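A.B. asks: Protein chains in written order, with UniProt numbering: chain A, 1 to 353; chain B, 1 to 353; chain C, 1 to 353. Input: one structure, supplied below.
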Amino acid sequence: MAIRLQALIERLGGQLTGDGELEVTGIAPLDVAGPTEISFLSNAKLRDQASASHAAALILTEAEHGRIGPEYAGARIVTPNPYAYFARAAQWFAELAAPPVTPGIHPSAVVDPSARVAATACIGPHVTIEADAHVGEYCRIDAGSYIGRGASVGAHTHFHARVCFHARCVIGERGILHSGAVIGADGFGFANEGGAWIKIPQTGRVVIGNDVEIGANTSVDRGALADTVIEDGVKLDNQIQIGHNCHIGAHTAMAGCVGVAGSARIGKYCTFGGAAMISGHITIADHVHVTAATMISRSLPEPGKYTGYYPFASDAEWEKSAAILRNLTKMRSRLRELEKTVERLADNKKEEN
Amino acid sequence: MAIRLQALIERLGGQLTGDGELEVTGIAPLDVAGPTEISFLSNAKLRDQASASHAAALILTEAEHGRIGPEYAGARIVTPNPYAYFARAAQWFAELAAPPVTPGIHPSAVVDPSARVAATACIGPHVTIEADAHVGEYCRIDAGSYIGRGASVGAHTHFHARVCFHARCVIGERGILHSGAVIGADGFGFANEGGAWIKIPQTGRVVIGNDVEIGANTSVDRGALADTVIEDGVKLDNQIQIGHNCHIGAHTAMAGCVGVAGSARIGKYCTFGGAAMISGHITIADHVHVTAATMISRSLPEPGKYTGYYPFASDAEWEKSAAILRNLTKMRSRLRELEKTVERLADNKKEEN
Amino acid sequence: MAIRLQALIERLGGQLTGDGELEVTGIAPLDVAGPTEISFLSNAKLRDQASASHAAALILTEAEHGRIGPEYAGARIVTPNPYAYFARAAQWFAELAAPPVTPGIHPSAVVDPSARVAATACIGPHVTIEADAHVGEYCRIDAGSYIGRGASVGAHTHFHARVCFHARCVIGERGILHSGAVIGADGFGFANEGGAWIKIPQTGRVVIGNDVEIGANTSVDRGALADTVIEDGVKLDNQIQIGHNCHIGAHTAMAGCVGVAGSARIGKYCTFGGAAMISGHITIADHVHVTAATMISRSLPEPGKYTGYYPFASDAEWEKSAAILRNLTKMRSRLRELEKTVERLADNKKEEN
């Protein structure tokens, strides 16, 4: 399970300084990498570690290549983005280490005769695939997953064990859905009548682009009439809730426990810290970055970083600040009162002089 | 798949103005509905859209019926609550469009011989039904769901794929449980002994009324000794956590990511915005409305709307306000000091005059 | 299903006053317990209830034993920690009431021939166990659970229905995993390249100690290179998210909806209230207690109780306090201005006098 440096260059690019016939067997951090491993320098602070590294080869930028002297004796791969290069190289090593996937449908799986499953796909034990569903080439649908009626799964997409992908939903190519993800459950839509709730059928779909990853136990609801849309390259972590009719722009990433209420429209290239909450029916521009535990209650038409959580303190200190916060209007009144009094005093003074 | 207007009136009520023999094939928004579709006016702001609508028929109130002139030429259905009427009509269309459900037990399902499953129920692939469980008439238990020993599922209840409904729990009629919902896992109960936690067996049940809907990946824990109770008509969205021994009053609705700690007692007709958090052992009155991302830390004996989240700002502004908030006690001390000084100054002034 | 008091003492310790041959059939609260039941006094406020109890036997401390007079006529079990004693006694009753578990592999389960499953283990319907996995003595793996390639499950561990335990992860003895728990999904790790995210393979494991309980629909991600570690006796409630490479110290407990970002290192004997959020890459000392709904954004080197959530109010009051909070910097400026003015006035005064 070794890769020649020359093969790495041919597949992933980069300029090689050193012996292309050298074989590397894995990737490791700078201070740990041994003489058959490759490492990477993506943070200038670690330059000293890089210089002292025993790695067989180092992935680094042109600039760092110039700064690291001959004390580092191994090979070098120069590339504009060493971290991305590392990620791709690690993917390759992971592919080599992965157990082989045998195409075919496990005998315990229940696949409707009208479903179209590519011959190269691998359907695991206890999977259910309903009528008219489509599973593309080289897909992996792991144990216990469910694909609803008329749903469509693009080529090379991988459902880990126990994913639910409901009727008529669509996902593109190279997607990854983790265990417990539920795509296409009903949105939360009701009409109120005398206090009781009358269900509004949710007849839209979830439509997911290419290269999307969705984490464990994350839910994405189907649209009410129109669709919920997740564009290419979006990455959702675990335990996330996406309400019906949301639209999430390409390459946006959300950390764990984020909640997005229905019909929110989120731009491209955004990031959301863990447990950020987004109100429904608002619009968020491209390149917005929301800090963890922040509630976004209105639209954000401008890119930027937005934050709003209560800074923690010792419980005793918090008790005090929270008590004052509850009475902030009184404090403001006192300040106003004081301003008036002082103004009067200053005026008197002037008159006196 | 068309419905005559007269049939709609016979089933759902309302006064019809227009041709009862007209057939409609679906429901659409005012600006989109075509001449075979029905639409509804539930918001006075959309009156102009209604007037210009091409819909075959319009659901509207008596008052709006009077305000919309002959420029709208289609049929009209007058009803006090057009939105609720729309919901019921949409349900009917959805029923017509739904694939037929064939009663019976899929051969891959594992049903204990002592379980009683109604002949009209539909048990999907890879379902497990344990001993002494009961599944009522016209239930649908979809692929991979689990029904524990002695649990009871009322008529017309629908478990989507991969629901867990644990031993001895009970749900009434017409319930809907979405994929990944876990009803009746152990509550979080431990005795502490020298720092370590000793498990307290959770032997209560979850008892759920009629017409309850529970979202994807939501958890409702069983009671410790007594039961966790969810009354009729409650609607829980996705990713919600309901702790042991909670009691949720009828027709209360909770949006996604809400958490309710153990033994909270919540009234009827309440609503909770997304990610609202409710402390344990508190009581919340009927008709309480909690805003999203709000932590309710003590009982609410009065109806009303309650809110408490940190208003977001640009990260830089938040940094400033958070820093002051941390020092709010100092700010209050300065204000007090100032008040004293000013009072002294004012007193001196009086003495002078 | 009765236990003699003498048998209880022999198994769980404590000093018995009364008839050891007496048989008790269950445990109940002080005011409810009947003459064949046992009860416990763990809170001095309930002393009057204890005195008046009809319980067959009472678990209590030495001190309370002295305070409760002959008006309570039943037997007494004296122990330093009555609540922990109650928990253990309740466990015993629960064991007696539990339906028998028959060892063996259900015919619908799919177990790879290379997996080693102890003969005393009970593998339920529709379980999948992948190659080279190991399931220890007396384990219970309930319906629809998944155990990945090379994973290892220690003796007496119980997976409830529909648990996912992914490849190469390890759990010790006497663990309890609730339905929907996902252990060992990929951590959320990506390199950014021109806005798009490149996946970093997650090749670490989740390594879990003995006596760990993990709640329904909780996710614990596998490490990127190193492992995610959960030490002995940790208790995680439902709907929790633990990011990759976290380390959670022994006997720490987390309530529902907590989120812990990647690489956080949390001490022993900590507690986290519901929906507490922990930033990544921080270190939290032993014996830290975090209040519900609190965001911990930096390391906590000292034990103690920490809090930080916005205190709720009526919506109208919150609107006011939030508006002031947004302008807290202005308020501080006004205060400073006022201080200067007042100082000037006071100085003038002095000069005058």
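Just so it is clear, CB atoms sit at the ideal spot from N, CA and C, and this is done for glycine as well. Quick caveat, the model's predicted, so the values are computed rather than measured.
Give me the subset of the region 173 to 185 of chain C whose CB atoms are less than 7 Å from a CB atom of chain A, sorted by chain position.
C.D. replies: Within the region 173 to 185 of chain C, the qualifying residues are 180, 182 and 185.
A.B. asks: Using CA atoms only, rank isn't needed, just tell me which of B:66, B:193 and B:339 is closest to residue 333 of chain A.
C.D. replies: The shortest Cα separation from residue 333 of chain A among B:66, B:193 and B:339 belongs to B:339.
A.B. asks: Using 10 angstroms around the beta-carbon of residue 281 of chain A, count the other beta-carbons present and answer buried if the total reaches 16, otherwise exposed.
C.D. replies: With fewer than 16 Cβ atoms within 10 Å of its Cβ, residue 281 of chain A is classed as exposed.
A.B. asks: Taking only the alpha-carbon atoms, compute the straight-line gap between residue 113 of chain A and residue 131 of chain A and give it to the nearest angstrom.
C.D. replies: Cα to Cα, residue 113 of chain A sits roughly 7 Å from residue 131 of chain A.
A.B. asks: Where do the ends of the alpha helix (DSSP H) carrying residue 5 of chain B lie?
C.D. replies: Unbroken alpha helix (DSSP H) run through residue 5 of chain B: 5 to 12.
A.B. asks: Under 8 Å Cβ-Cβ, which residues of chain C neighbour residue 348 of chain B?
C.D. replies: Here the neighbours are 349.
A.B. asks: For the beta strand (DSSP E) containing residue 15 of chain C, list its first residue and its last residue.
C.D. replies: Its beta strand (DSSP E) spans residues 15 to 17.
A.B. asks: Return the chain-ordered ranges of every beta strand (DSSP E) run that is complete within the region 53 to 102 of chain A and spans a minimum of 3 residues.
C.D. replies: Taking only runs of at least 3 residues, the beta strand (DSSP E) segments lying wholly in the region 53 to 102 of chain A are 57 to 60 and 75 to 78.
A.B. asks: Answer with yes or no whether the minimum CB distance from residue 337 of chain B to chain A is below 8 Å.
C.D. replies: It does not; no Cβ of chain A falls within 8 Å.
A.B. asks: Terminal residues of the continuous alpha helix (DSSP H) containing residue 324 of chain C?
C.D. replies: Looking at the DSSP string, the run of the alpha helix (DSSP H) that includes residue 324 of chain C is 315 to 326.
A.B. asks: Kindly indicate which residue of A:55, A:123, A:70 and A:79 has the alpha-carbon position closest to the one of residue 62 of chain A.
C.D. replies: Comparing Cα positions, the closest option is A:79.
A.B. asks: Quick one: is residue 217 of chain B near chain C, going by C-beta distance under 8 Å?
C.D. replies: True, the Cβ-Cβ gap to chain C drops below 8 Å.
A.B. asks: Which ranges would you report for the alpha helix (DSSP H) in the region 192 to 220 of chain A if only whole runs of at least 4 residues count?
C.D. replies: Correct list: empty.
A.B. asks: So residue 75 of chain C packs on residue 87 of chain C, CB below 8 Å; how close in whole Å?
C.D. replies: The Cβ separation is near 19 Å, so there is no contact.
A.B. asks: Would you please verify whether the beta carbon of residue 213 of chain C is less than 8 Å from any beta carbon of chain A?
C.D. replies: No, no contact with chain A.
A.B. asks: With residue 53 of chain B and residue 72 of chain B assumed to form a contact (beta carbons below 8 Å), what rounded beta-carbon distance in angstroms separates them?
C.D. replies: With 8 Å as the limit, residue 53 of chain B and residue 72 of chain B qualify as a contact, their Cβ atoms being about 6 Å apart.
A.B. asks: Would the beta-carbon of residue 292 of chain B fall within 8 Å of that of residue 267 of chain B?
C.D. replies: Cβ distance not < 8 Å, so residue 292 of chain B and residue 267 of chain B don't count as in contact.
A.B. asks: So residue 238 of chain B and residue 219 of chain A are supposed to be a Cβ contact under 8 Å. How far apart are they, rounded?
C.D. replies: Rounded, the Cβ-Cβ distance is 4 Å, consistent with contact.
A.B. asks: Using DSSP bridges, identify the partner residues of residue 135 of chain C.
C.D. replies: Note: residue 135 of chain C sits in a beta bridge opposite C:117 and C:153.
A.B. asks: Return helix, strand or coil for residue 349 of chain B, following the three-state DSSP convention.
C.D. replies: Here residue 349 of chain B sits in helix by DSSP.
A.B. asks: Just to confirm, is the Cβ distance from residue 345 of chain B to residue 346 of chain C under 8 Å?
C.D. replies: A contact, by the Cβ cut-off of 8 Å.
A.B. asks: Kindly indicate the opening and closing residues of the alpha helix (DSSP H) around residue 404 of chain A.
C.D. replies: The structure shown does not extend to residue 404 of chain A, since chain A is modelled only from 1 to 353, so the question has no answer here.
A.B. asks: For residue 197 of chain A, would you say it is in contact with chain C, using Cβ-to-Cβ distances shorter than 8 Å as the test?
C.D. replies: Chain C contact via Cβ: absent.
A.B. asks: Mind checking the region 219 to 237 of chain B against chain C and listing, in chain order, the residues whose C-beta falls within less than 8 Å of any C-beta there?
C.D. replies: For the region 219 to 237 of chain B, which is checked against every Cβ of chain C, the residues closer than 8 Å are 219, 221 and 225.
A.B. asks: Which value, in whole angstroms, describes the spacing of the CA atoms of residue 46 of chain C and residue 200 of chain B?
C.D. replies: About 20 Å.
A.B. asks: Residue 15 of chain A: buried (16+ other C-beta within 10 angstroms of its C-beta) or exposed?
C.D. replies: So residue 15 of chain A ends up on the exposed side.
A.B. asks: Would you decide whether residue 301 of chain B is buried or exposed? Buried here means 16 or more other CB atoms lie within 10 Å of its CB.
C.D. replies: With fewer than 16 other Cβ atoms within 10 Å, it is exposed.
A.B. asks: Quick one: grab the DSSP three-state call for residue 332 of chain C.
C.D. replies: Here residue 332 of chain C sits in helix by DSSP.
A.B. asks: Just the chain C side, please: which residues come within less than 7 Å of residue 320 of chain B by C-beta, in chain order?
C.D. replies: Per Cβ cutoff of 7 Å: 329.
A.B. asks: Per DSSP, what kind of secondary structure is residue 340 of chain A in: helix, strand or coil?
C.D. replies: In this structure, residue 340 of chain A counts as helix in the three-state DSSP scheme.
A.B. asks: Using a cut-off of 7 Å between C-beta atoms, extract the partners of residue 125 of chain A located in chain C.
C.D. replies: Within 7 Å Cβ-Cβ: 110 and 128.
A.B. asks: Just the chain B side, please: which residues come within less than 7 Å of residue 201 of chain A by C-beta, in chain order?
C.D. replies: Going along chain B in sequence order, the residues near residue 201 of chain A (Cβ under 7 Å) are 90, 91 and 94.
A.B. asks: Roughly how many angstroms separate the alpha carbons of residue 203 of chain A and residue 303 of chain B, rounded to a whole number?
C.D. replies: Roughly 35 Å separates the two Cα atoms.
A.B. asks: Name the chain B residues whose beta carbon is nearer than 9 Å to that of residue 376 of chain A?
C.D. replies: Because residue 376 of chain A is not part of the residues shown, which for chain A are 1 to 353, the question remains open.
A.B. asks: Measuring alpha carbon to alpha carbon, tell me which of A:322, A:260 and A:234 ends up nearest residue 187 of chain A.
C.D. replies: Residue A:260 is the option with its Cα nearest to residue 187 of chain A.
A.B. asks: Return helix, strand or coil for residue 185 of chain B, following the three-state DSSP convention.
C.D. replies: It is a strand residue.
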